[in-house]
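Numbering (the working numbering), first residue to last: 65 to 333.
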């Protein structure tokens, strides 16, 4: 019994540590600029609710919110489609060099994403896609992690399913779409949620490829509020709070599916 109380205390302490930055964000978003820079810091908000209105006047937050939604939906749909196709091929189809090619896919996970920044930018420049939403969508619709994640789910399914489907005259495309995809729904949900969170909070690439505020996402638009000499932290934190709420709500609703999907990936493969 004492061990259980100890575990609960440790978890409670960890929860408090994790939630403290969010609480601090709420407090600052409801203060004035002077109060936000006071030393020692003030822990009591002065309830400046107009900060949540002023943020929409400072940057085109509505347009950037729409851009973020469009980019997130498109990237998530692309990840689910292309990663599931590649994962199905690696897990259920036999072809020369399958293991070697998959090893190269996994090797991509070990390369820092910053190394691809310049080549991607040059590609977008040659395609005349700078300051467009497709420049934010195209590089993210496929990823090695998604292939690895869904491959584990495909490999957990019995081979008899493929054999029975082939006997009934189904081709690989029909097996993939009508039989395999419905059975890996937890993996698709997990990948979809992870992609939504990563895409929604992505900063470096949107900040580099788009300089027009009307074509920015929320993360890049809020980053533009950081000044060289002075930053209006209450406005910035209010915008950050507005931008983070949709993802927080989505995670709270779907957290069980996300945890179950991630935990399942190590079961076989």
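Even glycine gets a Cβ: it sits at the ideal position worked out from N, Cα and C.
Exercise. Tell me whether residue 200 is buried or exposed, calling it buried when 16 or more other Cβ atoms sit within 10 Å of its Cβ.
Key: With 16 or more other Cβ atoms within 10 Å, it is buried.
Quiz prompt | Status (buried if at least 16 other CB within 10 Å, exposed otherwise) for residue 300 | solution = Classification of residue 300: buried, given that the 10 Å Cβ count is 16 or more.
Quiz item: With a CB to CB cut of under 7 Å and the five nearest residues on each side skipped, what residues in its chain are close to residue 150?
Solution: Cβ within range, chain order: 211.
Quiz item: Could you check where the alpha helix (DSSP H) with residue 276 kicks off and where it finishes?
Solution: Note, residue 276: premise wrong, no alpha helix (DSSP H); not H, not E.
Quiz item: Apart from the five residues just before and just after residue 214, which ones in its own chain have a Cβ nearer than 7 Å to its Cβ?
Solution: Non-local C-beta neighbours of residue 214 in its own chain, meaning closer than 7 Å and more than five positions away in sequence, comprise 147, 148, 151, 248, 251 and 255, ordered along the chain.
Quiz item: What is the DSSP secondary structure of residue 332, reduced to helix, strand or coil?
Solution: Only weak support exists for where residue 332 lies, its pLDDT of 48 falling under 50; the coordinates are left without a value.
Quiz item: Are there 16 or more other CB atoms within 10 angstroms of the CB of residue 233, so buried, or fewer, so exposed?
Solution: Counting Cβ neighbours within 10 Å, residue 233 comes out exposed, since fewer than 16 surround it.
Quiz prompt | Spatial distance of residue 106 from residue 323 (CA atoms) | solution = Residue 106 and residue 323 have their C-alpha atoms roughly 37 Å apart.
Quiz item: If we ignore side chains and look at the alpha-carbon of each, how far apart do residue 104 and residue 87 end up?
Solution: Each residue's Cα considered, the two are about 17 Å apart.
Practice problem: State the CB to CB distance for the pair residue 134 and residue 111, rounded to an integer number of angstroms; the pair is presumed to be in contact (CB under 8 Å). | Solution: Going by Cβ atoms, the distance from residue 134 to residue 111 rounds to 34 Å, so no, they are not a contact pair.
Quiz item: According to DSSP, is residue 96 helix, strand or coil?
Solution: Collapsing the DSSP output to three states places residue 96 in coil.
Quiz prompt | Proximity below 8 Å, CB of residue 274 to CB of residue 287 | solution = No, these two residues do not count as a Cβ contact at 8 Å.
Quiz item: Would the region 259-274 and the region 118-138 be scored as touching if the rule is three or more Cβ pairs under 8 Å?
Solution: Yes, the region 259-274 is in contact with the region 118-138.
Quiz item: Sorted by chain position, which residues of the same chain lie with C-beta nearer than 8 Å to residue 178's C-beta, five sequence neighbours on each side aside?
Solution: Within the same chain, Cβ atoms closer than 8 Å to the Cβ of residue 178 are found at 268, the five residues on either side in sequence being excluded.
Self-check item: Sub-8 Å separation of residue 96 and residue 298 beta-carbons
Solution: In this structure, residue 96 lies near residue 298, with their beta-carbon atoms less than 8 Å apart.
Exercise. Assuming residue 245 and residue 318 form a contact by the criterion Cβ under 8 Å, report the distance between their Cβ atoms to the nearest whole angstrom.
Key: Their Cβ separation, rounded to whole angstroms, is 19 Å, which puts residue 245 and residue 318 out of contact at 8 Å.
Practice problem: Report the rounded CA-to-CA distance for residue 145 versus residue 224, giving the unit in angstroms. | Solution: Between residue 145 and residue 224, the C-alpha separation is close to 24 Å.
Exercise. Return the CA-CA distance between residue 272 and residue 113, expressed in angstroms with no decimal places.
Key: Residue 272 and residue 113: Cα-Cα distance of roughly 32 Å.
Exercise. Rank 167, 83, 155 and 194 by C-alpha distance to the C-alpha of residue 280 and give the top, closest one.
Key: Looking from the CA of residue 280, the closest CA among 167, 83, 155 and 194 belongs to 194.
Quiz item: Of the choices 78, 116, 67 and 68, whose alpha-carbon is the least far from that of residue 296?
Solution: When each option's Cα is compared against that of residue 296, the closest is 116.
Self-check item: For residue 232, three-class secondary structure by DSSP
Solution: Collapsing the DSSP output to three states places residue 232 in coil.
Practice problem: Give me the Cβ distance between residue 303 and residue 125, rounded to the nearest whole Å; I'm assuming they're in contact under 8 Å. | Solution: The pair is a contact, with the Cβ atoms about 6 Å apart (cut-off 8 Å).
Quiz item: Per DSSP, what kind of secondary structure is residue 293 in: helix, strand or coil?
Solution: DSSP places residue 293 outside both helix and strand once states are collapsed to three, so it counts as coil.
Quiz prompt | Cα-Cα separation between residue 220 and residue 240, rounded to whole angstroms | solution = The alpha-carbon atoms of residue 220 and residue 240 are separated by roughly 14 Å.
Quiz prompt | Close-in-space but distant-in-sequence residues of the same chain around residue 100 (CB under 7 Å, 5 per side omitted) | solution = Excluding sequence neighbours, residue 100 sits near 92, 297 and 298.
Practice problem: State buried or exposed for residue 23, treating a residue as buried only when at least 16 other CB atoms are found within 10 Å of its CB. | Solution: Outside the displayed span of the chain (65 to 333) sits residue 23, for which this structure offers no information.
Quiz item: When the distance is taken between beta carbons, is residue 282 closer than 8 Å to residue 307?
Solution: Yes.
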